[in-house]
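Peer 1: The numbering of the sequence shown is my numbering, which starts it at 733 and goes up by one. First, the structure itself, so that you have it in front of you.
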Amino acid sequence: MSLVLLKAFATQLYGTTSHTILIIMAFDRYMAICSPLCYAAIMSHRMTIKLTKGQCPGDMVDPPRMMENFTYNSFILQVEGLTLTEGSVYPAFFLFLFCYLFIIVANVGIATLIFIDSSLHQPMYLLFCNLTFNDILGNSILIPRLLVDSLRPPSERLITYYECVVQAFTTHMFGTTSHTVLMIMAFDRYVAICNPLRYSAIMNHRMVIKLTVSAWAVAFVLVGILLGLTIRLNRCRTLIKNLTVTMRLCLNCPATVW
């Protein structure tokens, strides 16, 4: 008789445990899908042990608090990432100023030399001019702002939301265009090496214009899509703890309160 009861108990325990384990596994998947940003904090080792011991998941999680987020509509953001000691402010300022002036003078000099010297009016050098213009554009947006903020106290390093968007767009455009220009320059070298006899016919002025427009247009579209998908999201903080203002830092970020 006792053997029959033990077998019945084991059979019922087997079936019931299978269902309860599937329930807690379903709860785990629910948290992973519905609250991906909170998943690591909720499904800790302690929670796993509690679920395994059979406690009710609903008693362990406070859904209103778990999903509590703050949304900021302020158009003024504060930059905190630039940390300089009192004695290093001016050396850092003049160092960045020298680097900026060197970048501008060098790139303007290269572009001027290419346009003045008729022997350099070749596809390779004309495509290379895109890098100089891109370098001037990218650094002229970032470094002057950095120079101004380095002389201000931390409480006065403020940036508007629209300036933040422009800086994010320019920074991403600068990096993306660098890659697309290198791609069209690689295409130019490919044609010169693999089709040297047809190089002049293929890489004519019309092709150079097409490649240049394509490089900038592809970068513009990619960054535009990135911005368009990001600015729809809410801003969750007004303090930027990084030197360069990027999309994730100034436009949106996960801010969960526990």
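Using N, Cα and C, we set each Cβ at its ideal position, and we do this for glycine too.
May I have the straight-line CA-CA distance separating Phe828 from Met917, to the nearest angstrom?
Peer 2: So the alpha carbons of these two residues sit roughly 30 Å apart.
Peer 1: Which first and last residues belong to the alpha helix (DSSP H) in which Thr909 is found?
Peer 2: Thr909 -> alpha helix (DSSP H) spans 893 to 926.
Peer 1: Below 8 Å, how does it come out for the stretch 867 to 874 and the stretch 824 to 839: are there three or more Cβ pairs, yes or no?
Peer 2: Touching, yes.
Peer 1: Kindly indicate the opening and closing residues of the alpha helix (DSSP H) around Gly870.
Peer 2: Element bounds for Gly870: 855 to 882.
Peer 1: Exposed or buried, which one is Phe759 when buried takes at least 16 other CB atoms within 10 Å?
Peer 2: Counting Cβ neighbours within 10 Å, Phe759 comes out buried, since at least 16 surround it.
Peer 1: Using a Cβ-Cβ cutoff of less than 7 Å, which residues in the same chain neighbour Ile755 once the five nearest sequence positions on both sides are dropped?
Peer 2: Same-chain partners within the cutoff: there are none.
Peer 1: Leaving out five residues before and five after Leu858 in sequence, what residues of the same chain have Cβ atoms less than 6 Å from its Cβ?
Peer 2: These residues qualify, in order along the chain: Val940.
Peer 1: Report buried or exposed for Asp881, applying the criterion of at least 16 other Cβ atoms within 10 angstroms of its Cβ.
Peer 2: It is buried - the Cβ of Asp881 has at least 16 other Cβ atoms within 10 Å.
Peer 1: Rounded to a whole number of angstroms, what is the C-alpha to C-alpha distance between Cys908 and Val955?
Peer 2: Correcting the residue identity first, residue 908 is Thr in this sequence and not Cys. Distance between the alpha carbons of Thr908 and Val955 is about 8 Å.
Peer 1: Please report how far the alpha carbon of Met775 lies from the alpha carbon of Arg938, in whole angstroms.
Peer 2: One C-alpha to the other measures close to 59 Å.
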